[in-house]
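Since the structure comes first, as structure tokens, the remarks are kept for the end.
Residue numbers (UniProt numbering), protein chains in the order written: chain A, 1 to 247; chain B, 1 to 246.
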């Protein structure tokens with residue numbers, strides 16, 4: 001038997017709202033995307049970097065996006081993946097922080113609480129089979145303690161001395177294993193910047209969705225500081241000798 | 001049948017400006033045995049007298065743990081208190097699950113204050129017949145709050161509600177300036193001293209009818225009953241002996 005369809009008067013139909021029932025669809029992937037975020041702990045806090053590109057497939061569509069977001073005085077959020085979903089999350093976290101401010105009782109949400117809240121949102125959305133297509137890095141100083149955590153579209157979470165998303169996991173993490181892990185307390189800000197720039201430079205060389213225009217941010221006991229966009233020195237003379245697929 | 005024409009429900013004003021149902025509910029709080037709360041810089045303490053309905057029955061619970069950082073003492077209808085404590089426990093758990101943070105005490109008590117206020121505004125409801133002293137320790141230190149059926153919530157250094165609680169309040173008013181620097185032990189004994197003033201003629205605080213609760217930065221919410229209260233009751237007596245010799 002044919003399914004019964006009720007046709008509304010055309011004045012009641014919303015544009016794009018088909019009369020016949022279409023199957024429910026779910027997002028099959030990200031649309032406008034950001035690539036790697038790299039972050040690690042150092043002596044004074046945590047440091048993080050992300051480039052300014054929002055790609056549309058392989059097209060370098062938006063070249064001055066900011067993928068680092070100050071959640072509150074002690075918490076920094078870095079986003080990879082769908083930039084629309086990132087904007088949604090920014091608004092959501094702004095609502096949470098505004099609500100906290102409105103309480104006006106001297107309580108504050110620390111980095112750990114923001115991370116837990118964010119993780120719950122991500123895991124809740126994946127459980128509803130409607131994930132936010134992102135990988136997030138949360139960094140901050142919570143009660144004198146450095147906090148650095150990761151959460152992605154599956155709701156996977158972990159904390160570590162060095163965290164990266166996407167291609168950064170392949171390229172930056174091995175570099176950070178050698179130069180950061182186990183000695184985070186010894187690294188000065190100067191050295192941290194050098195390590196981070198090296199990671200971002202290699203990522204720019206090898207990641208076809210990266211851009212040589214990036215922002216760096218740090219969280220210390222003094223608060224969150226996000227830099228203006230800057231570029232790295234590169235040297236492509238190596239490329240002369242690369243034949244075929246490189247290596 | 002009614003005392004006057006303005007006390008049929010909790011949402012009608014009298015021309016004098018009272019909501020009689022709320023006044024009656026506040027009377028219900030005074031029927032309950034007294035509870036005392038007081039705080040120092042680091043701890044908050046509750047002390048309560050338990051009542052046994054008859055010789056054969058056990059003593060009624062007066063202090064309820066909400067979470068590791070929060071507890072309440074009850075004066076009035078115990079069943080209403082259980083509704084409120086269940087709500088507080090749910091909220092405390094939600095805060096832990098969503099934010100990984102202990103529920104701030106002030107927000108907890110304002111949340112039940114709002115519930116009580118709604119009862120005085122919407123038709124077909126009745127006020128809670130219970131008063132609470134809420135103690136807790138959070139990021140902003142130790143706190144002592146009073147919750148009342150009217151929906152009013154206030155914070156105190158020391159306070160008492162329930163039967164003959166005025167005597168305890170008088171005692172607290174005399175000593176509250178010393179509370180800030182007291183140790184936990186001193187604070188408990190001071191609480192018992194105030195509580196003792198509420199006892200009717202011929203009745204004494206003993207390990208059967210006394211209940212003690214405390215929480216602090218280094219102490220999870222703890223409730224002492226029965227034999228566990230004896231050392232503090234002994235200290236109370238020793239304090240009296242010391243005063244007599246002076």
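Glycine is no exception: its CB is placed at the ideal position from the N, C-alpha and C atoms.
Predicted model only: the values in this text are computed from it and were never measured.
Between the CA atoms of residue j and residue i - distance to the nearest angstrom
{"i": "residue 120 of chain A", "j": "residue 43 of chain A", "result": "29 angstroms"}
{"i": "residue 141 of chain A", "j": "residue 101 of chain B", "result": "16 angstroms"}
{"i": "residue 89 of chain A", "j": "residue 118 of chain B", "result": "33 angstroms"}
{"i": "residue 47 of chain B", "j": "residue 109 of chain B", "result": "19 angstroms"}
{"i": "residue 207 of chain B", "j": "residue 112 of chain B", "result": "32 angstroms"}
{"i": "residue 118 of chain A", "j": "residue 205 of chain A", "result": "32 angstroms"}
{"i": "residue 207 of chain A", "j": "residue 167 of chain A", "result": "7 angstroms"}
{"i": "residue 176 of chain A", "j": "residue 195 of chain A", "result": "8 angstroms"}
{"i": "residue 215 of chain B", "j": "residue 86 of chain B", "result": "19 angstroms"}
{"i": "residue 202 of chain A", "j": "residue 69 of chain A", "result": "24 angstroms"}
{"i": "residue 126 of chain A", "j": "residue 134 of chain A", "result": "11 angstroms"}
{"i": "residue 45 of chain B", "j": "residue 32 of chain B", "result": "19 angstroms"}
{"i": "residue 220 of chain B", "j": "residue 71 of chain B", "result": "10 angstroms"}
{"i": "residue 228 of chain A", "j": "residue 78 of chain A", "result": "15 angstroms"}
{"i": "residue 153 of chain A", "j": "residue 33 of chain A", "result": "14 angstroms"}
{"i": "residue 145 of chain B", "j": "residue 131 of chain B", "result": "11 angstroms"}
{"i": "residue 185 of chain A", "j": "residue 160 of chain A", "result": "14 angstroms"}
{"i": "residue 102 of chain A", "j": "residue 106 of chain B", "result": "14 angstroms"}
{"i": "residue 22 of chain B", "j": "residue 227 of chain B", "result": "38 angstroms"}
{"i": "residue 104 of chain B", "j": "residue 107 of chain A", "result": "8 angstroms"}
{"i": "residue 238 of chain B", "j": "residue 213 of chain B", "result": "21 angstroms"}
{"i": "residue 149 of chain B", "j": "residue 109 of chain A", "result": "31 angstroms"}
{"i": "residue 50 of chain B", "j": "residue 211 of chain B", "result": "7 angstroms"}
{"i": "residue 235 of chain B", "j": "residue 189 of chain B", "result": "7 angstroms"}
CA nearest to the CA of residue i, picked from the options
{"i": "residue 92 of chain A", "options": "A/114, A/102, A/108 and A/80", "result": "A/114"}
{"i": "residue 26 of chain B", "options": "B/233, B/128, B/65 and B/157", "result": "B/128"}
{"i": "residue 29 of chain B", "options": "B/200, B/198, B/76 and B/114", "result": "B/76"}
{"i": "residue 93 of chain B", "options": "B/68, B/81, B/45 and B/179", "result": "B/68"}
{"i": "residue 60 of chain B", "options": "B/180, B/209 and B/143", "result": "B/209"}
{"i": "residue 43 of chain B", "options": "B/137, B/232, B/161 and B/171", "result": "B/137"}
{"i": "residue 122 of chain B", "options": "B/73, B/19 and B/105", "result": "B/19"}
{"i": "residue 158 of chain A", "options": "A/32, A/170, A/138 and A/49", "result": "A/138"}
{"i": "residue 233 of chain A", "options": "A/243, A/179 and A/198", "result": "A/198"}
{"i": "residue 177 of chain B", "options": "B/14, B/40, B/17 and B/163", "result": "B/40"}
{"i": "residue 123 of chain A", "options": "B/98, B/164, B/140 and B/182", "result": "B/98"}
Buried versus exposed call for residue i [16 or more other C-beta atoms within 10 Å across all chains shown]
{"i": "residue 192 of chain A", "result": "buried"}
{"i": "residue 237 of chain A", "result": "exposed"}
{"i": "residue 35 of chain B", "result": "buried"}
{"i": "residue 246 of chain B", "result": "Reliability fails at residue 246 of chain B, whose pLDDT of 49 lies under 50, so the model's placement of it is uncertain and no value is given."}
{"i": "residue 252 of chain B", "result": "Nothing can be reported for residue 252 of chain B: it is not among the residues displayed for chain B, which extend from 1 to 246."}
{"i": "residue 198 of chain B", "result": "buried"}
{"i": "residue 30 of chain A", "result": "buried"}
{"i": "residue 151 of chain A", "result": "buried"}
{"i": "residue 72 of chain A", "result": "buried"}
{"i": "residue 242 of chain A", "result": "exposed"}
{"i": "residue 132 of chain A", "result": "buried"}
{"i": "residue 65 of chain A", "result": "buried"}
{"i": "residue 129 of chain A", "result": "exposed"}
{"i": "residue 112 of chain A", "result": "buried"}
{"i": "residue 174 of chain A", "result": "exposed"}
Coarse secondary structure for residue i, derived from DSSP in three states
{"i": "residue 55 of chain A", "result": "strand"}
{"i": "residue 50 of chain B", "result": "coil"}
{"i": "residue 104 of chain A", "result": "coil"}
{"i": "residue 3 of chain B", "result": "coil"}
{"i": "residue 250 of chain B", "result": "Examination of residue 250 of chain B is not possible in this model, given that chain B is present from 1 through 246 alone."}
{"i": "residue 115 of chain B", "result": "helix"}
{"i": "residue 220 of chain B", "result": "strand"}
{"i": "residue 48 of chain A", "result": "strand"}
{"i": "residue 191 of chain B", "result": "helix"}
{"i": "residue 180 of chain B", "result": "helix"}
{"i": "residue 142 of chain B", "result": "strand"}
{"i": "residue 121 of chain A", "result": "helix"}
{"i": "residue 169 of chain A", "result": "helix"}
{"i": "residue 135 of chain B", "result": "strand"}
{"i": "residue 225 of chain B", "result": "strand"}
{"i": "residue 41 of chain A", "result": "strand"}
{"i": "residue 246 of chain B", "result": "In this prediction, residue 246 of chain B has a pLDDT of 49, which is less than 50 and means its spatial position is unreliable; what the coordinates show is noted afterwards. Residue 246 of chain B: coil per DSSP, three-state reduction."}
Any non-hydrogen atom of the ligand MG within 8 angstroms of residue i CB
{"i": "residue 44 of chain A", "result": "Although the ligand MG was asked about, the structure shown includes no ligands whatsoever."}
Please list, in chain order, the residues of the stretch 84–112 of chain A that have any C-beta partner in chain B closer than 7 angstroms. 103, 105, 106, 107, 109 and 112
Check each residue of the stretch 117–150 of chain A: if its Cβ is closer than 7 angstroms to any Cβ of chain B, include it; give the result in chain order. Residues 117 and 120.
Give the residues from the stretch 91–102 of chain B that approach chain A closer than 8 angstroms (Cβ to any Cβ), ordered along the chain. 97, 98, 99, 100 and 101
Given a limit of 8 angstroms on CB to CB distance, which residues of the stretch 104–138 of chain B reach chain A? 104, 106, 107 and 138
Got a sec: which bits of the stretch 54–82 of chain B sit with their beta carbon under 7 angstroms from any beta carbon on chain A, in order along the chain? none
Chain-ordered residues of the stretch 137–161 of chain B with a beta carbon less than 9 angstroms from chain A: The residues in question are 138, 139 and 140.
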